[in-house]
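The structure appears below as structure tokens.
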Amino acid sequence: MSALTAAERTAVYTDLHAHPELAFAEHRTAGVVADRLRTAGFAVHDRIGGTGVVGVLANGDGPTVLLRADMDGLPVAERTDLPYASTDTATLPDGRETPTMHACGHDVHVTCLLGAAAHLAERREEWSGTLQVLFQPAEEVGAGARAMVDDGLYARIGTPDVVLGQHVMPLPVGTVNLTPGTAMAAADSMRIVLHGRGGHGSSPEGAVDPVLMAAATIQRLQGIVAREVGAREAAVVTVGAVRAGTQANIIPDRAELLVNVRTFDEAVRERVLAAIHRIVDAEAVASGAPQPPEYEQVSTFGATVNDPEAAGRTRSALERSLEARRATIESAGGRPAVVELPPLAGSEDVGVLAAAADAPLVYWFLGGFDAALFEGFDPSTASMGNLPAEVAPNHSPFFAPVPEPTLELGVDLLVAAAREWLGRRRPA
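So, in structure tokens, the structure goes:
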């Protein structure tokens with residue numbers, strides 16, 4: 003179904019995979035996208051919200067449909083041993099050098115949307131309306147969609163009637179997850195600085211040790227979910243980084259925690275965030291900290307909520323698309339299926355695009371892994387925490403979707419969803 007051949011898709015994908023760029027630094031990726039969209043006949047709007055790119059193809063009267071892909075990679079050292087594995091590095095905002103990797107599949111997303119854009123542009127006699135293909139920066143830090151909206155996105159390109167998108171996931175090829183209603187969690191990430199009083203490691207009595215303060219704080223934070231979140235509620239509190247000190251015999255004067263919270267209910271979200279502040283402040287007082295802790299909001303994502311009616315309509319189109327590729331899927335060892343998983347604890351900012359347009363959102367998950375790895379495993383029960391041992395989850399240094407038929411199916415699904423919402427041209 004794609005206007006790009008399998009070889010072309012793979013070439014685009016492996017090139018993007020080998021050259022990931024971090025949030026708001028996707029200059030090379032944006033250039034690749036803009037060039038291909040212009041070649042396909044789209045009007046291109048670039049540098050929206052920094053590095054965002056949108057292609058617009060007006061094709062007569064009809065609905066306006068937005069298809070979205072995210073572009074940024076992660077500060078992860080790749081360990082897949084793939085021939086096209088990333089060896090690139092980048093500089094973080096704090097000046098540290100880091101390896102980079104497409105550990106969340108955004109290279110898949112960009113490739114699939116470029117393929118769908120080329121297909122729909124080539125067959126514009128079959129549909130009517132306006133197609134918007136949006137390539138978003140900085141999804142990983144929860145800021146890219148907001149940056150594009152705040153930079154006048156819809157004043158530039160027009161307001162869509164529906165927002166559609168997909169995300170590759172560790173499910174077998176041929177399996178798609180589409181959950182109506184709440185599909186992904188809200189997420190809040192913060193940087194917390196604990197202040198101590200530095201000193202010599204031999205004389206702790208003359209210092210206030212922020213490392214001990216941090217250790218006590220981390221342990222106590224884990225009690226929030228265990229003791230302050232009800233059995234029928236859900237939340238995750240993760241301390242993903244601890245930074246303090248330079249050597250063994252020096253007590254530092256500060257420690258830094260990076261904390262991430264996932265919730266599905268706004269009341270639970272407020273309760274957990276309040277508990278974090280209460281505990282951190284109390285541990286600082288208990289330790290005799292010379293000054294209160296400092297808090298910085300690093301990122302925030304609202305819950306991703308699929309419009310139930312729009313999701314039902316789109317699901318039918320996705321099912322037809324998979325059925326049309328049954329032979330391809332079965333030859334890869336999979337079977338075509340659209341499943342409905344419980345809400346995922348992962349988070350996304352695609353909902354910002356839909357909310358700003360006052361348009362329904364439909365966001366689904368594309369299986370991208372060798373079906374043989376899931377033998378005897380029920381994909382309808384999948385989550386990031388119970389995958390088969392050989393399957394690496396998103397954000398892992400071993401995350402490695404199989405390019406085909408994942409890319410072919412991803413293109414097909416985007417095309418089918420767009421065609422479901424675009425107008426249909428009548429034969430002459």
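Residues 3 to 430, numbered by my numbering, are exactly what the sequence shown covers, in order. All C-beta atoms in this analysis are idealised placements derived from N, C-alpha and C, irrespective of residue type, glycine included.
Check: On a CA-only basis, which of Pro407, Tyr365, Pro95 and Ala419 is nearest Ala8? Give me that one, please.; Outcome: Pro407
Check: Give the list of continuous beta strand (DSSP E) stretches no shorter than 3 residues that lie fully inside the segment 298-355.; Outcome: 306-308 and 339-341
Check: Along the chain, where does the alpha helix (DSSP H) containing Pro405 start, and where does it finish?; Outcome: Pro405 to Trp423
Check: Just grab the DSSP bridge partners of Asp72 for me.; Outcome: Gln138
Check: Give the single residue among Leu24, Ser191, Ile50 and Glu285 whose Cα lies nearest to the Cα of Pro212.; Outcome: Glu285
Check: For Arg264 and Arg273, I'd like the C-alpha separation in whole angstroms.; Outcome: 12 Å
Check: In whole angstroms, what separates the C-alpha of Thr330 from that of Asp414?; Outcome: 12 Å
Check: Examine chain B for any beta-carbon lying closer than 7 Å to the beta-carbon of Pro101, and answer yes or no.; Outcome: This model lacks chain B altogether, as it is built from one protein chain only.
Check: Is Arg81 helix, strand or coil when you go by DSSP?; Outcome: coil
Check: Looking at the secondary structure, which residues open and close the alpha helix (DSSP H) in which Ala175 lies?; Outcome: First, the amino acid is wrong: residue 175 is Val here, not Ala. Run containing Val175: none; DSSP gives neither H nor E here.
Check: Take Leu6 and list the residues in its own chain whose beta-carbon comes closer than 6 Å to its own, dropping the five residues that flank it on each side.; Outcome: Gly117 and Ala120
Check: Given a cut-off of 7 Å on the beta-carbon distance, is the pair Ala373 and Val175 in contact?; Outcome: yes
Check: I need the straight-line Cα distance from Glu10 to Pro139, nearest angstrom please.; Outcome: 23 Å
Check: Check each candidate in Asn179, Pro206, Arg315 and Ala277 and name the one with the smallest Cα separation from Pro344.; Outcome: Asn179
Check: Just verifying my parser: in three-state terms, what is the DSSP assignment at Ala87?; Outcome: coil
Check: Between which two residues does the beta strand (DSSP E) carrying Val241 extend?; Outcome: Ala237 to Ala246
Check: Measuring CB to CB, does Met150 end up less than 7 Å from His108?; Outcome: no
Check: Tell me whether Asn509 is buried or exposed, calling it buried when 16 or more other Cβ atoms sit within 10 Å of its Cβ.; Outcome: What is shown of the chain runs 3 to 430, which leaves residue 509 out entirely.
Check: Which of the three DSSP states, helix, strand or coil, is assigned to His169?; Outcome: strand
Check: Alpha carbon to alpha carbon, what distance is there between Val164 and Asn396?; Outcome: 27 Å
Check: Starting from His202, follow its DSSP beta bridges and name the residues at the other end.; Outcome: Ile252
Check: Confirm, please, whether the CB-CB distance from Pro162 to Ala358 is below 7 Å.; Outcome: no
Check: What did DSSP end up calling Ala371 once you bin it into helix, strand or coil?; Outcome: One detail in the question is off: residue 371 reads as Phe in this sequence, not Ala. DSSP places Phe371 in strand when its eight states are reduced to three.
Check: So Met192 is in the beta strand (DSSP E); what residue range does that whole segment cover?; Outcome: Ala188 to His197
Check: Assign Ala269 to one of two classes, buried (16 or more other C-beta atoms within 10 Å of its C-beta) or exposed (fewer than that).; Outcome: exposed
Check: Consult DSSP for Ala284 and reduce its assignment to one of helix, strand or coil.; Outcome: helix
Check: So, with DSSP's three-state summary, where would you put Leu155?; Outcome: helix
Check: For Met186, I'd like the list of residues in its chain whose CB is within less than 7 Å of its CB, leaving aside the five on either flank, ordered along the chain.; Outcome: Ala305, Thr306, Pro345, Leu346, Gly348, Ser349 and Glu350
Check: By DSSP, does Asp380 sit in helix, in strand, or in coil?; Outcome: coil
Check: Could you say which of Val78, Glu99 and Leu69 lies nearest to Leu122 if we only look at CA atoms?; Outcome: Leu69
Check: In this structure, does DSSP put Pro95 in helix, strand or coil?; Outcome: coil
Check: Identify the residues that DSSP records as bridge partners of Pro101: which are they?; Outcome: Thr91
Check: To the nearest angstrom, report how far apart Gly131 and Arg427 are at their CA atoms.; Outcome: 10 Å
Check: Can you tell me where the beta strand (DSSP E) with His397 in it begins and where it stops?; Outcome: Careful: His397 lies outside any beta strand (DSSP E) and carries neither H nor E.
Check: My guess is that Glu422 and Ala319 are in contact by the Cβ rule of under 8 Å, so how many angstroms apart are they, rounded?; Outcome: 4 Å
Check: Anyone know if the C-beta pair for His19 and Tyr86 falls short of 7 Å?; Outcome: yes
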